[in-house]
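Here's the structure, in structure tokens; my notes come after.
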Amino acid sequence: MTELLLKNVRPLGGAKVDILIREGRIARIGGDLACGGPAEDGAGAIALPAMVEAHAHLDKSLWGMGWHAHQAGPTLEDKISTERRLRRELNIDPARQSARQVALAAANGTTAIRSHVDIDTDQKLWCFEGVSATRERFRDVMDIEIVAFPQSGMMIRPGTLELMDEALANGADVVGGLDPCGIDRDPKGQLDAVFHLAEKHGKPIDIHLHEPDELGAFSLEMIVERTRALAMRGKVTVSHAFCLGMTDRARAHALVEKLAREDIAVATTAPASRPVPAAAELRNAGVRLCAGSDGIRDTWGPYGNLDMLERALFIGLRNNFRRDDEVEYALHICTQGGADVMALKDYGLREGAFADIVLVDAETVAEAVAARPRRKLVLKRGKPVARDSQALFTVE
Ligand SMILES: [Zn+2]
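If you want it as structure tokens, here you go:
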């Protein structure tokens with residue numbers, strides 16, 4: 000029987016307790032527990048549930064490949080076509096780059112990732128196969144969910160739909176989509192195809208929706224209609240949903256209520272440069288909200304580090320959160336919010352749950368978000384995977 004005792008830790012900033020871990024799960028939380036195995040002294044550190052990166056692109060970072068001067072033009076189409084070109088020119092190998100990101104995410108206290116993975120008629124299933132290999136290789140370190148993502152468009156690139164179908168038959172977990180008006184200029188065609196794939200394979204959906212204002216609202220309503228018609232309540236996520244940040248607040252609120260009725264979740268990166276869904280409005284309406292880093296250090300842009308404690312800070316800043324309970328909610332989006340959207344089983348800091356835990360030195364949870372201290376210890380199913388913000392395993 001494998002046991003580990005975490006001594007003197009404060010779950011979510013509460014009173015000091017011990018956490019007994021047995022066979023990868025939290026067996027007991029209480030005072031002065033005994034253990035047959037090794038012990039770790041938390042010395043009063045806060046214990047957090049490990050973070051959930053609910054929107055990443057593991058196939059496309061340049062992490063570890065030296066500094067890349069940004070080349071793409073300003074539009075979405077520029078970024079997509081530049082990336083397709085540079086992926087081969089720079090040899091952005093999806094298996095190698097996804098492995099590097101697993102180590103980075105673990106070092107930052109993340110133990111579950113939903114990754115969109117490009118599928119197009121140039122790369123075919125190269126990215127999917129690379130990230131699938133990484134998922135298998137790091138099965139004990141990271142739960143990875145793969146979204147089959149038609150980054151270059153679906154209706155405008157014949158053959159993409161068939162490749163997505165193949166990926167879903169071979170282990171992709173989620174059906175992706177992308178700006179059905181803005182990229183494909185065929186919202187009915189793309190959304191019917193996406194929902195058909197979801198129905199055929201029995202998989203959930205996660206659609207990137209960058210379309211602003213009324214255009215985004217139009218697409219969002221088409222997503223809501225299909226979710227209702229096909230009884231996919233609770234199985235659809237819309238990523239970004241910038242249209243919910245539109246200046247017509249009454250219109251945005253009516254859209255939020257429609258999302259709530261169909262239990263459609265929203266994934267945000269809380270970017271500083273775009274309007275975003277208002278986190279408190281979504282919470283009050285009962286809409287599930289998760290967060291992610293999106294692409295990091297890639298041909299799309301020079302920023303990012305897969306640190307979900309930092310992402311909670313960005314959510315706080317973007318939503319003007321100041322009170323402790325508000326800042327705690329920002330972190331909740333990056334932990335339980337992601338676990339809800341990924342439907343992670345037995346997640347959380349409670350007896351019986353998997354022991355996916357991060358220790359940080361801070362007075363309160365809000366201070367942990369504000370100060371982003373190093374991650375003292377990261378456990379995946381009770382096993383240490385990172386210490387002092389360094390992964391305990393190596394990747395090339
Ligand atoms: Zn994305």
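Just so it is clear: in the sequence shown, position 178 is 177 by numbering that gives the first Met the number 0, and no numbers are missing. All residues carry an ideal CB built from backbone N, CA and C; glycine is no exception.
Same chain only: Cβ atoms within 7 Å of residue i, ignoring 5 sequence neighbours per side
i	result
P10	V16, I28, A46 and L348
G12	I45, T363 and V364
L330	A311, V364 and V368
L32	L4, D17 and L19
F37	Correcting the residue identity first, residue 37 is Pro in this sequence and not Phe. So the list reads L3, once near-sequence residues are dropped.
L196	M163, D164, L167 and V174
Q189	M153, M154, G176, P179 and D183
Distance cut-off 7 Å: residue i Cβ against heavy atoms of ligand 1
i	result
G176	no
S238	yes
G181	no
G294	yes
H54	yes
H252	no
H397	What the structure shows of the chain is the stretch from 0 to 395, and residue 397 is not part of that stretch, so it cannot be assessed.
H195	no
H115	yes
H200	no
H207	yes
Cross-strand partners of residue i (DSSP beta bridge)
i	result
V173	V146
Q389	R386
M50	T109
P10	A46
R21	E2 and R24
K78	For K78, which the question treats as bridged, DSSP gives no partner whatsoever.
R374	V359
V16	V8
D191	For D191, which the question treats as bridged, DSSP gives no partner whatsoever.
A38	L4
S114	A55 and I145
Own chain residues within Cβ distance below 6 Å of residue i, not counting five before or after
i	result
P48	T334, G347 and L348
P274	F241 and G244
E261	V223, T226, R227 and R232
K257	V223
A338	V51 and Y346
D306	N107
K59	G294 and D297
N318	A278
R386	L376
Same chain, Cβ closer than 8 Å to residue i, neighbours up to 5 away in sequence not counted
i	result
D142	T110, A111, I112, M341 and L343
Y302	I295 and R296
D345	R24, G351, A352 and F353
Closer than 8 Å to chain C by CB, residue i
i	result
A14	Among the chains in the structure shown there is no chain C, since it carries only a single protein chain.
Three or more C-beta pairs below 8 Å linking the segment 108-128 and the segment 65-76: no
Hey, is the segment 280-300 in contact with the segment 219-227, meaning 3+ C-beta pairs nearer than 8 Å? no
Is the segment 157-170 touching the segment 123-134 in the sense that three or more CB pairs, one from each, lie closer than 8 Å? yes
Closer than 8 Å is the cut-off here; do at least three beta carbon pairs connect the segment 372-383 with the segment 89-102? no
Any chance the segment 206-219 sits against the segment 168-183, with 3 or more Cβ pairs inside 8 Å? yes
How do the segment 191-207 and the segment 145-161 stand: do at least 3 beta-carbon pairs fall below 8 Å, yes or no? yes
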